[in-house]
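Enquirer:
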Amino acid sequence: MTEKSTDVTRHKLSRRAFATTAATAAAIAPFAVSSQATAAPADKTAGRTAGEPGDVRRITLYVDNLPNGQLGYGLEPGKPTIPGPLIEMIEGETLEIELVNNADVTASLHVHGVDYEWDSDGTRMNSSVVEPGGRYVYTWRTHAQIDRTDGTVAPGSAGYWHYHDHVVGTDHGTGGILRGLYGPVVVRRTGDTLPDKTFTIVFNDMTTNNLTPAPDFTAELGERVEFIVIAHGNVFHTFHIHGHRWADNRTGMIEDPEDPSRIIDTKTTGPAESFGFQVIAGERVGPGKWMYLCHVQDYSDKGLAGTFTVTGASESVPLTVTASSRCVGSSVYVAVTAVNDGDVPATVTLTTPYGTKTVADVAPGKQAYQSFNARAKQIDAGKATVTGTSFINGKKVTTSYEAGYTATSCG
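Using mature numbering (1 follows the signal peptide of the UniProt record, and there is no 0), the letters of the sequence shown correspond one by one to residues -39 to -1, 1 to 372.
(1) Quick one: using the 10 Å Cβ neighbour count with 16 as the cut-off for buried, is K356 buried or exposed?
(2) Do I189 and T161 count as a contact pair if the criterion is CB distance below 8 Å?
(3) Hey, how far is the Cα of V75 from the Cα of K327?
(4) Looking at the unbroken alpha helix (DSSP H) that takes in I138, where does it start and where does it end?
(5) Use the C-beta contact count for Y366: other C-beta atoms within 10 angstroms, 16 or more gives buried, fewer gives exposed.
(6) Give the single residue among E59, D111, N26, R336 whose Cα lies nearest to the Cα of T42.
(7) Can you look up N301 in the DSSP assignment and give me helix, strand or coil?
(8) Could you please give the first and the last residue of the uninterrupted alpha helix (DSSP H) stretch that includes D82?
(9) Give me the Cα-Cα distance between D132 and G33, rounded to the nearest whole angstrom.
(10) From F236 to G141, what does the alpha carbon distance come to, in whole angstroms?
(11) Provide the residue span of the beta strand (DSSP E) that contains Q328, from first to last.
(12) What is the DSSP secondary structure of L172, reduced to helix, strand or coil?
(13) Whole angstroms are fine: how far does the CA of I224 sit from the CA of R206?
(14) Once DSSP output is grouped into helix, strand and coil, what is the label at P145?
(15) With DSSP run on the structure shown, which of helix, strand or coil describes G267?
(16) Which whole runs of the beta strand (DSSP E) in the region 228 to 264 are 3 residues long or more, in chain order?
(17) Between the region 285 to 302 and the region 263 to 271, do at least 3 Cβ pairs fall closer than 8 Å?
(18) Report back the beta-carbon spacing between P232 and A266 to the nearest angstrom; my notes put them in contact at under 8 Å.
(19) Excluding the 5 residues flanking A105 on each side, which residues of the same chain have their C-beta closer than 6 Å to its C-beta?
(20) Could you pull the start and end residues of the beta strand (DSSP E) that I202 belongs to?
(21) Under three-state DSSP, which class holds G130?
(22) Helix, strand or coil for G15? Go by DSSP, reduced to three states.
(23) Report the rounded CA-to-CA distance for Q31 versus A342, giving the unit in angstroms.
(24) Assign E78 to buried or exposed, taking buried as 16 or more other Cβ atoms, counted over all protein chains shown, within 10 Å of its Cβ.
(25) Looking only at its own chain, which residues have a Cβ that is under 7 Å from the Cβ of G39, when we skip the five neighbours before and after it?
(26) Less than 8 Å between the beta carbons of I107 and H125, yes or no?
(27) Comparing alpha-carbon positions, which option in A180, S361, L254, K250 lies nearest Q239?
(28) Going by DSSP in three states, N210 sits in which element: helix, strand or coil?
(29) Where do the N-terminal and C-terminal ends of the beta strand (DSSP E) with T42 fall, by residue?
(30) For the beta strand (DSSP E) containing C288, list its first residue and its last residue.
Below, the structure written as structure tokens:
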């Protein structure tokens, strides 16, 4: 099924950085870089939940050189990014990561927040570093909350964490972090509600080299958006976003009316800290351009700020459309079905080469259906066209879909 509709395009962001100053090349300043991860396209993902953990997953992570002396992690050789790729786990899961070092310096992988043996620490002290041209397997484990025998509770691994190099430049990885070797980790609980989009923001001290300022994040009104904030470097920051608030707890959402978590719109963070939260884009405030920034005034005045743009909700009529051909006696019939997946009634028109049928006021969750008589014993493969028309936010919206049917012969 192909949609030919008026859907608003969801803008995707390249990974790019913004500086706090209009710095000259090689100036060192507090800095932030950002990236986006997006849920699977073509469906509204609000309400999706994290599944059960698998036993062991395996991925390969590459370290590569970047221009201007920078370094990055990537999921494909020669395609590093700053920050590195988002790594997601579910409590109870084990992840084996083979780190392949294609860079010209010894590098490593050190993680915060999850369980690992000493030989997966990613430090020179524990001989878990990777020479240029080498590879090494790190094993990360996660666990669910358990009750200890002494009556206390051991918390689970769920949370917003991060990984970074621990060997470039110094035995603490200062050079690796300065040059871009870091990335986000999210550990979820089974049943956690998943976001539609995830944005990662990293505060750091690094060489700016006149990089592009002010990355703009974009989401549709009503989308569930996840922000992951990581701090590196030598200074503290306060992350603030205009127009949106979140609960100061594990997910940023209140799931129990008795949850005592504070509702905040600003959070202080410092080197090696990370946190995250989910918000509903534009909830109670609507579409618009919303600033996010470090609220340490000296830093925001020098440019440590960006824009979170909330667009209007997709103006489309969501339908699930199917078409099929079958024999009834010696004649071929083409059946077309359109289910209204929206929240308001729709007028649906089903069209084939063998006729047209319009069904008015198809309620949400209900369907329009028609079986068209081709008046022939044999037909070629073809397509049915379906249009849905609704009034959305006071505006008349029409969306078109196509669905194919197979060639059929009835003797």
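Ideal Cβ positions, reconstructed from N, Cα and C, are used throughout, including at glycine.
Computed from a prediction, not measured in an experiment: that's the story for all the values here.
Expert: Reading it off the structure:
(1) Classification for K356: exposed.
(2) Against a cut-off of 8 Å, the Cβ pair of I189 and T161 comes out as a contact.
(3) Taking the straight line from one Cα to the other gives about 46 Å.
(4) Its alpha helix (DSSP H) spans residues 135 to 140.
(5) The residue is buried, with at least 16 neighbouring Cβ atoms inside 10 Å.
(6) Sorting E59, D111, N26, R336 by C-alpha distance to the C-alpha of T42 places N26 at the top.
(7) In this structure, N301 counts as strand in the three-state DSSP scheme.
(8) Annotation for D82: no alpha helix (DSSP H) segment contains it, and DSSP assigns it neither H nor E.
(9) The C-alpha of G33 is placed about 18 Å away from the C-alpha of D132.
(10) Their backbone Cα atoms lie some 19 Å apart in a straight line.
(11) Looking at the DSSP string, the run of the beta strand (DSSP E) that includes Q328 is 328 to 334.
(12) Legend: pLDDT at L172 = 49, less than 50; position of this residue unreliable, value from coordinates given subsequently. Of the three classes helix, strand and coil, the one that applies to L172 here is coil, per DSSP.
(13) Straight-line Cα distance between these residues: approximately 6 Å.
(14) DSSP places P145 in strand when its eight states are reduced to three.
(15) In the three-state reduction of the DSSP assignment, G267 falls in the strand class.
(16) As for any beta strand (DSSP E) of minimum length 3 sitting wholly inside the region 228 to 264, the runs are 235 to 241, 249 to 255, ordered along the chain.
(17) By the Cβ criterion, the region 285 to 302 is not in contact with the region 263 to 271, since fewer than three pairs of Cβ atoms, one from each stretch, lie closer than 8 Å.
(18) Not a contact, Cβ separation roughly 20 Å.
(19) Closer than 6 Å at the Cβ level, and outside the excluded window around A105, lie E52, G53, G117.
(20) Judged by DSSP secondary structure, I202 falls within the beta strand (DSSP E) whose first and last residues are 198 to 202.
(21) Note: G130 maps to coil in three-state DSSP.
(22) G15 carries a coil assignment under DSSP once its states are collapsed to helix, strand and coil.
(23) A direct Cα-to-Cα measurement between Q31 and A342 gives close to 54 Å.
(24) By the neighbour-count rule (16 or more Cβ atoms within 10 Å), E78 is not buried but exposed.
(25) The beta carbon of G39 sits closer than 7 Å to those of D25, all from its chain and outside the five residues before and after it, given in chain order.
(26) One thing to note: I107 has its Cβ no nearer than 8 Å to the Cβ of H125.
(27) The option with the nearest alpha carbon to Q239 is A180.
(28) DSSP, read as helix, strand or coil, puts N210 in coil.
(29) Element bounds for T42: n/a, residue is neither H nor E.
(30) Start and end: 280 to 289.
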